[in-house]
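Numbering (our numbering), first residue to last: 143 to 314.
Written below as structure tokens is the structure these notes are about.
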């Protein structure tokens, strides 16, 4: 009986010890990556696309044109990870995820004809297209103005930056 009680106490102590671990604080989580369009437009990383950054939009966006053809495709905005085509992960079907997702406001504004490619003429008109997103007329774009509709704050806009600005490399 004593052996049985000892084993029971050890099992109970082990389960209490395992459940007594403190939960991860929300501040310890890594923020989501900055969307590439916002990363390239918000050059000072202050979470606001200023009037000067809007005026420089065509030149900034040209950095996303990886193949130099004068236009930006969705593949250039969201390149596959590790050189693997999208949908190449085990257990996931190829192609886009199921369901219709709304087009983010930045892409909608820049891709005027809605063909999925930001053409050379759309790049040239980027400053005017971006100004159409300025709902409060202050000459700059806040995170709320570029956040897709229906998403809560903190989802779809640029996350806060605690560290020094990065060069945009590896941004997804």
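A virtual CB, placed ideally from N, CA and C, is assigned to each residue, including glycine.
Since the structure is predicted, the reported quantities are computational estimates derived from the model, not experimental observations.
Among the candidates the options, whose CA atom is the shortest distance from the CA of residue i?
i           : options               : result
residue 180 : 217, 215, 206 and 281 : 206
residue 200 : 177, 173, 209 and 214 : 214
residue 281 : 195, 170, 189 and 262 : 195
residue 267 : 244, 216, 220 and 197 : 197
residue 211 : 279, 265, 270 and 284 : 265
residue 220 : 249, 274 and 254      : 249
residue 251 : 263, 271 and 189      : 271
residue 204 : 178, 173, 243 and 174 : 178
From the DSSP output, in three-state form, read off residue i for me.
i           : result
residue 248 : helix
residue 203 : helix
residue 309 : The predicted model places residue 309 with a pLDDT of 46, which falls under 50 and marks its position as unreliable, so this point remains unresolved.
residue 279 : coil
Provide the residue span of the alpha helix (DSSP H) that contains residue i, from first to last.
i           : result
residue 219 : 216-219
residue 290 : Unbroken run through residue 290: none, as it is neither H nor E.
residue 273 : 268-273
residue 180 : 178-183
residue 193 : 193-197
To which residues of the same chain is residue i closer than 6 Å at the C-beta, ignoring the five residues directly before and after it?
i           : result
residue 277 : 287
residue 202 : 182 and 183
residue 274 : 251
residue 247 : 275 and 288
residue 193 : 281 and 282
residue 244 : 290
Could you name the residues of the same chain whose beta carbon sits closer than 7 Å to that of residue i, not counting the 5 residues immediately before and after it, in chain order?
i           : result
residue 216 : 258
residue 269 : 196, 197, 199 and 200
residue 284 : 190
residue 263 : none
Run the proximity test for residue i: is its beta-carbon closer than 7 Å to any non-hydrogen atom belonging to the ligand NAD?
i           : result
residue 208 : With respect to the ligand NAD, the structure shown offers nothing to examine, as it has no ligands at all.
Please work out which residues of its chain come closer than 8 Å, Cβ to Cβ, to residue i, disregarding the five sequence neighbours upstream and downstream, and give them in chain order.
i           : result
residue 209 : 218
residue 185 : 195, 198 and 202
With three or more beta-carbon pairs closer than 8 Å as the criterion, would you say the region 282-291 touches the region 257-265?
Too few Cβ pairs lie closer than 8 Å, so no.
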